[in-house]
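To keep things clear, I will list the structure first and then write my remarks on it.
There are 2 protein chains.
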Amino acid sequence: MRVSNLLLPTLREVPAEAEVISHQLLLRAGFMRKAAAGVYTLLPLAWRVVRKIEQIIREEMDRQGGQEIMMPIIQPAELWQESGRWDVYGPELFRLKDRHGRDFCLGPTHEEIITSLVKGEVNSYKQLPLLLYQIQNKYRDERRPRFGLMRGREFIMKDLYSFDRDQAGLDVSYNKMYDAYTRVFRRCGLQFRPVVADSGAIGGSDTHEFMVLAESGEATVLYCGDEKCGYAANQERAETVSASGQITSALEQLQTVGTPGCRTVNEVTEFLNVPPEKIIKTVIYTTDKENVAAMVRGDREINEIKLYNTLDCVRLDLADEQTVQSVTGAPVGYAGPVGLSGVRLVADHEIMNMVNAVCGANEKDKHLVNVNPKRDFKPDIIIDLRLVKAGDPCPHCGSELQEARGIEVGQVFKLGTKYSKALGGTFLDENGKSMPYVMGCYGIGVTRTMAAAVEQNYDERGIIWPVQIAPYHVIVVPVSNKDQKLMQAAETIYNDLNAAGVETVIDDRPERAGVKFNDADLVGYPVRVTVGSKGLANGQVELYLRRNSETELVSLNNVVCAVKTKLKQMDEGCIN
Amino acid sequence: MRVSNLLLPTLREVPAEAEVISHQLLLRAGFMRKAAAGVYTLLPLAWRVVRKIEQIIREEMDRQGGQEIMMPIIQPAELWQESGRWDVYGPELFRLKDRHGRDFCLGPTHEEIITSLVKGEVNSYKQLPLLLYQIQNKYRDERRPRFGLMRGREFIMKDLYSFDRDQAGLDVSYNKMYDAYTRVFRRCGLQFRPVVADSGAIGGSDTHEFMVLAESGEATVLYCGDEKCGYAANQERAETVSASGQITSALEQLQTVGTPGCRTVNEVTEFLNVPPEKIIKTVIYTTDKENVAAMVRGDREINEIKLYNTLDCVRLDLADEQTVQSVTGAPVGYAGPVGLSGVRLVADHEIMNMVNAVCGANEKDKHLVNVNPKRDFKPDIIIDLRLVKAGDPCPHCGSELQEARGIEVGQVFKLGTKYSKALGGTFLDENGKSMPYVMGCYGIGVTRTMAAAVEQNYDERGIIWPVQIAPYHVIVVPVSNKDQKLMQAAETIYNDLNAAGVETVIDDRPERAGVKFNDADLVGYPVRVTVGSKGLANGQVELYLRRNSETELVSLNNVVCAVKTKLKQMDEGCIN
Chain A
9 MRVSNLLLPT LREVPAEAEV ISHQLLLRAG FMRKAAAGVY TLLPLAWRVV RKIEQIIREE
69 MDRQGGQEIM MPIIQPAELW QESGRWDVYG PELFRLKDRH GRDFCLGPTH EEIITSLVKG
129 EVNSYKQLPL LLYQIQNKYR DERRPRFGLM RGREFIMKDL YSFDRDQAGL DVSYNKMYDA
189 YTRVFRRCGL QFRPVVADSG AIGGSDTHEF MVLAESGEAT VLYCGDEKCG YAANQERAET
249 VSASGQITSA LEQLQTVGTP GCRTVNEVTE FLNVPPEKII KTVIYTTDKE NVAAMVRGDR
309 EINEIKLYNT LDCVRLDLAD EQTVQSVTGA PVGYAGPVGL SGVRLVADHE IMNMVNAVCG
369 ANEKDKHLVN VNPKRDFKPD IIIDLRLVKA GDPCPHCGSE LQEARGIEVG QVFKLGTKYS
429 KALGGTFLDE NGKSMPYVMG CYGIGVTRTM AAAVEQNYDE RGIIWPVQIA PYHVIVVPVS
489 NKDQKLMQAA ETIYNDLNAA GVETVIDDRP ERAGVKFNDA DLVGYPVRVT VGSKGLANGQ
549 VELYLRRNSE TELVSLNNVV CAVKTKLKQM DEGCIN
Chain B
9 MRVSNLLLPT LREVPAEAEV ISHQLLLRAG FMRKAAAGVY TLLPLAWRVV RKIEQIIREE
69 MDRQGGQEIM MPIIQPAELW QESGRWDVYG PELFRLKDRH GRDFCLGPTH EEIITSLVKG
129 EVNSYKQLPL LLYQIQNKYR DERRPRFGLM RGREFIMKDL YSFDRDQAGL DVSYNKMYDA
189 YTRVFRRCGL QFRPVVADSG AIGGSDTHEF MVLAESGEAT VLYCGDEKCG YAANQERAET
249 VSASGQITSA LEQLQTVGTP GCRTVNEVTE FLNVPPEKII KTVIYTTDKE NVAAMVRGDR
309 EINEIKLYNT LDCVRLDLAD EQTVQSVTGA PVGYAGPVGL SGVRLVADHE IMNMVNAVCG
369 ANEKDKHLVN VNPKRDFKPD IIIDLRLVKA GDPCPHCGSE LQEARGIEVG QVFKLGTKYS
429 KALGGTFLDE NGKSMPYVMG CYGIGVTRTM AAAVEQNYDE RGIIWPVQIA PYHVIVVPVS
489 NKDQKLMQAA ETIYNDLNAA GVETVIDDRP ERAGVKFNDA DLVGYPVRVT VGSKGLANGQ
549 VELYLRRNSE TELVSLNNVV CAVKTKLKQM DEGCIN
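Going line by line, the protein sequences match chains A and B.
Just add 8 to the spot in the first sequence (first one is 1) and you have our numbering.
Just add 8 to the spot in the second sequence (first one is 1) and you have our numbering.
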C-alpha cells in the first residue's frame, strides 16, 4: 500500500478531547475518528490491527475446540425479562422498540441469547461440553464515555460461553480458556498477568482477569515477588496474611482521653504520640439493609469490595454525616467499636491482635486508649478486610507482594447454573435425570486490547507496535521524491518485501524526509527502511527499528533477508 | 471437526415458519436459528460460509484499491438530519435514544457517516480517488420480515463508498466495482447476471443490480437472447423497441358502441371480436400532485416504475373507484383518452402507431371504436411505458429478449454529489476551487448471498454448496461405528485430508449409515468419502459427489489425491 493512497490522517497536535495516551496516539496517528461520544470509526490501520488480534483469538479459541457463531446484536427483551436482568441492568443497557412497539436491547453480553439457543438444541450429556463464541460489536451506554477505545459505548468483544455437565467439566473448560487467553495475549506480543479477580455482581465463583501491564492502567495488581509462587490478584480481591499475634504486653485499663479536633488517623497519632498501627480505624457504612462499622488498623485501608462481599447487600455506601451522628452519637471522626450498638461490627483479622489500642470514643473530641478487642468489644464478623498493598506478605508463600498497574483486557468466569436455571436450560444425564448446564463465560475486549497495546508500547514520538499486531511491518521511506533513481530503488524494495510476504507500505508522498520520519514514528511501524542517495551510492539502505532506535546499514541485495531476520527476532521477543 | 462435537442440529421436518427454500434448508440443515422475527443466530457452518464469502469480497475490494474500515452501527441523528433522511426514512429505520436522551439510529447504510468522516480528512484533489468499505451488520425494521436471510431485520452487508474528483473519476470507480462484483460472484461459484436497474428513491444516475439466477427469485430479469449483445435489465427498468408504424389502413369514423358489462380487455375483445392489440388500455393513477391516465396496448402491461420516473411525484397509486368516477365520469373499466380533460395523458410509444383502435368511452357500458391517436386525442407525454417481457425485441440489437428470475445480491450505484452537497463534503481542485466529492456506493448482501446460493443450489435432499463457499469440502462417513478397523481407516483419511489442507469433517456419531448419508446430503458437503467394510476389504473407499450423485471407488492410498482432483474440477466449474 502507498501512503499517498492510504487514509491515514496524522495530526500534529494532541486532540483536546483525549486524556489518555492510547486515545491521543490513536487519534494523532490516524487510526480512528470519533463519530459520537464513545463511538468511533476505525480507519484502515486500526482495522488491520483489530483483524490481527481477532485472528489470533480465533485460532486459540478453535484450538481449544471453540466453535465460532454469530448471534444477533439486537436482542428481544423477553429473554432478559426471563433472566431477570431487564429490570436490574440499569441505564447502561441501550434499549429500543421496533415498529410494532416490541422491546429490544443492544447486547452488552449474550448469556440470555446463548442459553436460550443451546437449550433448544442440546438435550443430552453426549452433546456436552460445548464451547461457542463470537467476535462482535457490544454496547454499553456509559454515563461518561472516555479514554477513547478504553471505555467506549460501542466496542468489539470476543465472548465465549462454555456448557458442561458438571463442575468438573466446567473446571476443564475454564482451564482451557485460561490457557487460551494466556496464549492470545502472549501471541499479541503483550506483557500481561492473569490475576485472581472479584466476581462482582455477575454471581458465580472463580474468575481471573487478564491485565495488560501499563503505568496508565486503571487497575492495581498485586503479585508475589517470588516468581515460583505466581500468586497475582486484582487489588480488589488481593489477600494477605496477618501476623498471628502473640499477645505479650499486659492489658492496661481502658481510658477516655480528650482529643480536641483530632478526627483523622494522622491527627490522632500526632496528638497522642502513638504510631498508626496502634489505632483502630472505624468507618461507618450503610447498606440497603443496615448500618455497619468496619475496622482496620490505622495504617491500613478498608477494601470495600471485601466488605461488600461479606454483607448480604445490593448497595454499600459510606455513611453520611447525619447517619454517623445518629449511629455513634458523635460527628465524623470519633467512631469506635466500644459500646457501639445497633450496627454490625466487621473487623479485619489484624484488629484481633491489637493490644492497648486507640479508637474513637463515640463522643466529640474524645478517644479511648488501652482498648483491647475481646475484652472491650466483640466484632460480629472477623474477615480479611484490608486493602492489600505492595510489601504485604503473599497469602500463599509469605514473600513480599509487588504492585503494578494494569488494564483489564480479558476475563474468564465460572458462571455455574445461574442462567441455565433462570432460563430452563437443561439436559438429560446418563441416568435420564434433567440437569441444568454448568456454564462459564469468557470475554476479551478486542478494541480495548488494541488500546492497551498502545498504552504499553509508546514513547514521546508515537506508537511502537508489537510486531505481532502491527498494522504493517515495514515502511519504506525514500528521502526524496525528486531523485528518480532513489525512488526506483525504494519501489523495488517495496515490491520485493511485499512479494516475500512482509506487509510493507511505501511513503511515496512528496514530503520532506523529516515529515515522513515523524509520521512513521508516530504510526509505529516496527521497521523503517530508509532509502537515501548517500547510502544508495554505496549500494546500501538503512534499517531502523522503531522499538530501540537501532539502525543498521544493509546492502541492497540483502534487504529482504535482513528485514525478515529482524521481524523474526522481534516476534520472538529478542529485541526490546 | 467431528460431527459429534459440531453444533449442527439438523431437523427432519420442514419448519412451518419457513416459506422459501433457503429458509427451510438453512433451518433444517442446522445452519441457523431464529432469535426474533427477522433476527437470526448463525450457527458454526453458516458462519464458515459467511466468512468465506466475506474473504472473497475483501480480496476483490482490496484488489481494486479499496481500504477496509469499520464505521459505527449506532449513528447519531444529527447527521441524518443534516442529509434530510431522518424525517423521510420512515419506520424501516430502527431509532433509539441514549441515556441522555440523544437520538441515534441503527445504520441501514452509511452515506452520512462516511461523507462526514471523509469531509474531515480529505481536502485536496491529490487525496482522491478514495474507495472505503466495511463488512458489517445492517438494520432495517421490515414491516413483515420473512424468507429467513432473504429479508431480515439484521443482516450482513459489504458497503463500499467511492469518492472522486469528477464524473469521469466516478465512472472509473464504478467500473472497478462492476468488475469486482463480477469477480466476487463468479468466485462464489454462482450463476448470476448484472442487470441495468432502476435508481429508485436514492437518486443518482447509473445503477446495476447483480442478480443470482434462481427460479424462486423475487425479481424478473430480461436479457438479450444474443449473448454477444449482452443487454440485461431488471424488468422494472427493461426497455424495448416498438415497431415504427407505417399507417396503411384508412382512418375510419369514430363511433360509440355499447359494451354492456365489458370492463376488462378480455371482455371487450371477446364482445367486439377484436384482438387485444387493437385496444388502448387506459388506467387512471393518482400522485401527490395530480391525476394521470396511462395508456398501453391491450396486450401490454404498464410498467409503473417508468410511469413514476416520468412524473415528478413522491407517491404514485392506482386511482380508487371514486377518483376514476370523478375523472372519467364512468365506473372503472370505461376509461379512454378521447375527450378526457383535467388529467395528463401518458402514452406508450406503441399507442401512437395504432389505427382504428378501441378504447373506453368514459361512459358506463360504452366503448369507442375507430379511435385514432393524434386525430382523436393528443397525449401530453409519449414514453416507453410498457412492462417488457420475454419475446420483446432487445433495445440494443433487436434480438428476442429472454426472461429469468433472480435474487438481487448486489448493487452498484452512482450517487453523484447528493450527499457531499447536503453535508458540505468538498475538496480543493487544482485551481484551488472548492468542489463537492462525486460519490458512488456499492453494496453486497453477504447473508443474502449465502441464502441465494442455496436457492440456486439444492435438490429434494438438501443443499448443494458450491465448493468455493462450502462450509467444509468433505465429510468422511464410516458406515459403522462398531467396526474398529473401519473407524481407524476413516480417522486416517480424515486426518490426511485435513493435513493436506482439505476442510474435512468426520461423522463419528453412533448413528446408522442411512442417517449419516441423509444428514450429509442435507448439509450439502460437496464430497462424501464413504468408508465401508466391503470396500475396505478391497483397499477402497467410495467418493460421492453431492452435485451430480456420481460415485467412484478409489484406493486407500489415493484418497487425498482423488478428492483434491474432484474439488479442483468443481472449483473450475467442470462438474455440474
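C-beta: ideal position from N, C-alpha, C; glycine also.
Owing to the predicted nature of the structure, the values given are computational and were not obtained by experimental measurement.
For a contact meaning CB atoms closer than 9 Å, what does Phe435 of chain A contact in chain B? The CB of Phe435 of chain A never comes closer than 9 Å to any CB in chain B; the least such distance is about 14 Å.
For the beta strand (DSSP E) that contains Asn317 of chain A, what are its first and last residues? First-last for Asn317 of chain A: Glu312 to Thr318, but that is the alpha helix (DSSP H), not the beta strand (DSSP E).
Run down chain B in chain order and give the residues with a C-beta less than 8 Å from the C-beta of Tyr590 of chain A. Past the edges of chain A, shown from 9 to 584, lies residue 590 of chain A, and the structure says nothing about it.
Euclidean distance between Cα positions of Val585 of chain B and Phe39 of chain B: Any answer about residue 585 of chain B is impossible in this case: the structure gives chain B only from 9 up to 584.
DSSP state of Gln419 of chain A mapped onto helix, strand, coil: Gln419 of chain A: strand per DSSP, three-state reduction.
Distance check for Leu315 of chain A and Gly341 of chain A, CA to CA, integer angstroms please. In this structure, the alpha-carbon of Gly341 of chain A lies about 20 Å from that of Leu315 of chain A.
If you check the beta carbons only, do Ile452 of chain B and Val417 of chain B fall under 8 Å apart? Cβ atoms of Ile452 of chain B and Val417 of chain B: closer than 8 Å.
On the DSSP letters alone, give me the boundaries of the alpha helix (DSSP H) that Leu53 of chain A sits inside. If you look at Leu53 of chain A, you'll find it in the alpha helix (DSSP H) that goes Pro52 to Arg71.
Tell me the residue span of the alpha helix (DSSP H) that contains Arg456 of chain B. Judged by DSSP secondary structure, Arg456 of chain B falls within the alpha helix (DSSP H) whose first and last residues are Val454 to Gln464.
Got a sec, what are the start and stop residues for the alpha helix (DSSP H) Thr277 of chain A sits in? Boundaries of the alpha helix (DSSP H) around Thr277 of chain A: Val273 to Leu280.
Any chain B beta carbon closer than 8 Å to Leu138 of chain A: So, interface residue.
Among B:Arg20, B:Arg107 and B:Asn183, which one has its Cα closest to the Cα of Ala5 of chain A? No information on residue 5 of chain A is available, as it lies outside the stretch 9 to 584 that chain A covers here.
Three Cβ pairs or more, each shorter than 8 Å: is that satisfied between the stretch 459 to 479 of chain A and the stretch 218 to 227 of chain A? The answer is yes - the stretch 218 to 227 of chain A touches the stretch 459 to 479 of chain A, with three or more Cβ pairs under 8 Å.
So, does the CB of Glu90 of chain B fall closer than 8 Å to a CB anywhere in chain A? It does not: the Cβ of Glu90 of chain B has no partner Cβ on chain A nearer than 8 Å.
If you measure from the beta carbon of Asp149 of chain B to each beta carbon in chain A, is any gap under 8 Å? Closer than 8 Å to some Cβ of chain A, the Cβ of Asp149 of chain B qualifies, so yes.
Inter-residue Cα distance where the pair is Asn370 of chain A and Gly432 of chain A: Rounded to the nearest whole angstrom, the CA to CA distance from Asn370 of chain A to Gly432 of chain A is 52 Å.
Euclidean distance between Cα positions of Lys13 of chain B and Pro116 of chain A: Per the sequence shown, residue 13 of chain B should be read as Asn rather than Lys. Distance between the alpha carbons of Asn13 of chain B and Pro116 of chain A is about 28 Å.
By Cβ distance below 7 Å, which residues in the same chain neighbour Ile61 of chain B in space, the five residues on each side in sequence not counted? Same-chain partners within the cutoff: Cys196, Val454, Thr457, Met458 and Ile477.
Does any residue of chain B bring its CB to less than 8 Å from the CB of Ala44 of chain A? Among the CB atoms of chain B, one or more fall inside 8 Å of the CB of Ala44 of chain A.
Assign Pro518 of chain B to one of two classes, buried (16 or more other C-beta atoms within 10 Å of its C-beta) or exposed (fewer than that). By the 10 Å Cβ count, Pro518 of chain B comes out exposed.
Between Glu129 of chain A and Ser91 of chain A, which are expected to be in contact by the criterion C-beta below 8 Å, what is the C-beta distance as a whole number of angstroms? At roughly 19 Å, the Cβ-Cβ gap does not stay under 8 Å, so Glu129 of chain A and Ser91 of chain A are not in contact.
Per DSSP, the bridge partner or partners of Gln142 of chain B: Under the DSSP definition of a beta bridge, Gln142 of chain B partners with B:Asp167.
Looking at the structure shown, is Glu560 of chain A part of a helix, part of a strand, or coil, going by DSSP? Of the three classes helix, strand and coil, the one that applies to Glu560 of chain A here is strand, per DSSP.
Nearest to Met447 of chain A by CA position, among A:Gln175, A:Lys105 and A:Asp328, is which residue? Ranked by Cα distance from Met447 of chain A, the options A:Gln175, A:Lys105 and A:Asp328 are led by A:Gln175.
Any contact between the stretch 427 to 446 of chain A and the stretch 124 to 138 of chain A? By contact I mean 3 or more CB pairs, one from each, below 8 Å. Cβ pair count under 8 Å is three or more, so yes.
Indicate the three-state DSSP secondary structure (helix, strand or coil) for Arg195 of chain B in the structure shown. If DSSP states are grouped into helix, strand and coil, Arg195 of chain B belongs with the helices.
When the Cα atoms are used, what is the spatial distance from Thr277 of chain B to Ile81 of chain B? Rounded to whole angstroms, the separation of the alpha carbons of Ile81 of chain B and Thr277 of chain B is 57 Å.
How about Val57 of chain A and Pro479 of chain A: are their beta carbons less than 8 Å apart? When the beta-carbon positions are compared, Val57 of chain A and Pro479 of chain A come within less than 8 Å of each other.
Excluding sequence positions up to five away, which residues of its chain have a Cβ less than 8 Å from the Cβ of Ser257 of chain B? In the same chain as Ser257 of chain B, and ignoring 5 residues on each side of it, the C-beta atoms closer than 8 Å to its own belong to Val363 and Asn364, in chain order.
In terms of alpha-carbon separation, which member of A:Leu168, A:Arg159 and A:Phe112 lies closest to Met69 of chain A? Nearest C-alpha to Met69 of chain A: A:Leu168.
Measuring only between beta-carbons, confirm whether Leu15 of chain A sits less than 8 Å from chain B. Yes, Leu15 of chain A counts as interfacial toward chain B.
Contacting residues, own chain, Cβ-Cβ under 7 Å from Asp491 of chain A (five flanking each side not counted): Cβ neighbours of Asp491 of chain A beyond the five flanking positions: Ser541.
Judging by CA-CA distance, which residue of A:Asp95, A:Ser207 and A:Trp55 is the nearest neighbour of Ala241 of chain A? Ala241 of chain A has its Cα closest to that of A:Ser207, out of A:Asp95, A:Ser207 and A:Trp55.
Relative to chain A, which residues along the stretch 103 to 116 of chain B have a C-beta separation below 9 Å, given in chain order? Of all residues in the stretch 103 to 116 of chain B, Arg103, Leu104, Lys105, Asp106, Arg107, His108, Arg110, Phe112 and Leu114 have a Cβ within less than 9 Å of some Cβ in chain A.
DSSP beta-bridge partners for Tyr342 of chain B? Answer is none; Tyr342 of chain B lacks a bridge partner.
Where Ala570 of chain B sits in the DSSP three-state scheme: Under the three-state reduction of DSSP, Ala570 of chain B is assigned to helix.
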